[in-house]
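Q:
Numbering (UniProt numbering), first residue to last: 1 to 325.
1) Measuring alpha carbon to alpha carbon, tell me which residue in 303, 162, 192, 202 is nearest residue 233.
2) At a threshold of 6 Å, does residue 262 count as lining the ligand NAD (C-beta to nearest heavy atom)?
3) Under DSSP, the alpha helix (DSSP H) around residue 300 begins and ends at which residues?
4) When we look at the beta-carbon of residue 244 and count the other beta-carbons within 10 Å, is it buried (16 or more) or exposed?
5) Going by beta-carbon coordinates alone, are residue 283 and residue 215 separated by less than 7 Å?
6) Taking a contact to mean a Cβ-Cβ separation below 7 Å, would you say residue 188 touches residue 167 in this structure?
7) So, do the region 290-298 and the region 269-279 have three or more beta carbon pairs nearer to each other than 8 Å?
8) Whole angstroms are fine: how far does the CA of residue 110 sit from the CA of residue 101?
9) Going by C-alpha distance, which of 98, 86, 286, 104 is nearest residue 209?
10) Expressed to the nearest angstrom, what Euclidean distance is found between the alpha-carbon atoms of residue 242 and residue 288?
11) Does the region 81-100 come close enough to the region 19-33 that 3 or more CB-CB pairs lie under 8 Å?
12) By DSSP, does residue 182 sit in helix, in strand, or in coil?
13) Whose C-alpha, out of 314, 291, 91, is nearest the C-alpha of residue 18?
14) Along the chain, where does the alpha helix (DSSP H) containing residue 266 start, and where does it finish?
15) Hey, which unbroken runs of the beta strand (DSSP E) at 3 residues or more fall wholly within the region 99-173?
16) Would residue 218 pass as a contact of residue 193 if the rule is Cβ separation under 7 Å?
17) Inspect the CB distances between the region 250-257 and the region 196-208 and report whether three or more fall short of 8 Å.
18) Since residue 186 and residue 316 should fall inside the 8 Å C-beta cutoff, what is the C-beta to C-beta distance between them, to a whole number of angstroms?
19) Under 6 Å Cβ to Cβ from residue 264, same chain only, skipping five residues before and after it: list those, please.
20) Just to confirm my understanding: we take residue 26, look at its own chain, exclude 5 residues before and 5 after, and list those with CB closer than 7 Å. What are they?
21) Could you tell me the distance, in whole angstroms, from the CA atom of residue 12 to the CA atom of residue 41?
22) By how many angstroms is the C-alpha of residue 96 removed from the C-alpha of residue 20?
23) Hey, quick one: how far does the alpha helix (DSSP H) through residue 237 stretch, first residue to last?
24) Closest to residue 146 by CA distance: which of 251, 198, 278, 226 is it?
25) Under three-state DSSP, which class holds residue 226?
26) State yes or no: is the C-beta of residue 198 within less than 7 Å of the C-beta of residue 309?
27) Would you please state the rounded distance, in angstroms, between the beta carbons of residue 248 and residue 262? I believe it to be under 8 Å.
28) Would you mind sorting residue 16 into buried or exposed? The rule is 16 or more other CB atoms within 10 Å of its CB.
29) Mapping DSSP to helix, strand and coil, what is residue 87?
30) Please state if the CB of residue 148 and the CB of residue 277 are separated by a distance shorter than 7 Å.
31) Quick one: Cα of residue 246 to Cα of residue 230, how far?
32) Mind checking residue 39: buried by the 16 CB within 10 Å criterion, or exposed?
33) Tell me which residues share the same chain as residue 275 and place their Cβ nearer than 7 Å to its Cβ, disregarding the 5 neighbours each side in the sequence.
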């Protein structure tokens with residue numbers, strides 16, 4: 001406030017000085033106009049004494065001029081005064097206009113600076129808003145992801161219960177495996193079935209439907225395998241497996257990368273023995289076969305160096321062949 005008052009005081013002083021200058025200019029013009037005739041008389045007297053006036057003859061027009069010229073000079077002198085004042089006022093007007101233009105330019109510069117500052121403030125606020133929006137979105141995504149894992153882990157923990165239930169045949173089944181472990185029995189037979197099929201069809205890649213038909217014939221022809229195999233096919237263990245994969249894929253609000261990580265965590269809880277057994281179940285369960293192929297859940301056992309079942313994997317469990325079937 002002190003700086004502002006000082007500026008206003010300086011401006012008032014300048015305005016007062018300019019007003020005094022304008023009045024002084026008008027007074028000076030008036031004084032010049034008023035005393036100029038006396039100055040001419042003084043010049044006339046001084047130089048007339050040096051000239052022999054008798055040698056100058058007055059003619060008719062000169063006499064008239066001597067008689068009436070003073071009247072014209074008196075009125076003509078007013079033109080000089082008015083012209084002087086008009087010229088002075090013109091100069092003053094130009095000066096005031098220049099001053100006004102300078103002030104307007106200063107105002108425009110000040111307005112431009114204010115607009116520039118306002119734009120900078122608006123840009124800063126926009127960036128802050130974007131950062132807040134990004135932070136809020138990140139917090140929402142983290143909350144959704146945390147909620148996802150809070151749901152998925154309890155569901156994954158049920159797998160052990162379903163595994164125990166699916167691994168043992170009920171007492172009313174007469175054809176029971178010797179070790180009474182369904183997964184071990186199905187896994188062993190899966191190895192034998194895949195090995196026999198691949199050996200008999202080495203280098204021959206049939207249509208997936210034909211391969212499925214051939215494998216199912218081998219399953220149904222094995223009397224010791226039929227009961228535990230179809231018991232496993234109808235178990236909650238398989239239903240839980242399908243449900244979990246679909247739940248992860250269909251969960252809204254998480255990225256594809258998060259889903260891929262969740263599937264990796266989920267499938268890591270399954271042994272190779274389980275994956276072989278699940279792959280054999282897929283020959284009688286199209287939904288299971290579809291999610292195994294789509295999510296590449298058998299890649300681990302496909303990569304095992306000790307087993308080479310390309311004739312099975314590259315048809316039934318190949319995405320290219322499955323889509324074309």
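Note that the Cβ used here is the ideal one computed from N, Cα and C, for glycine as well.
A: Quick look at the numbers:
1) 162
2) The ligand NAD is not part of this structure, which contains no ligands at all.
3) 299-302
4) buried
5) yes
6) no
7) yes
8) 14 Å
9) 286
10) 6 Å
11) yes
12) helix
13) 91
14) 256-268
15) none
16) yes
17) no
18) At roughly 17 Å, the Cβ-Cβ gap does not stay under 8 Å, so residue 186 and residue 316 are not in contact.
19) none
20) 85, 88
21) 44 Å
22) 14 Å
23) 236-250
24) 251
25) helix
26) yes
27) 5 Å
28) exposed
29) helix
30) no
31) 23 Å
32) exposed
33) 298, 300, 301
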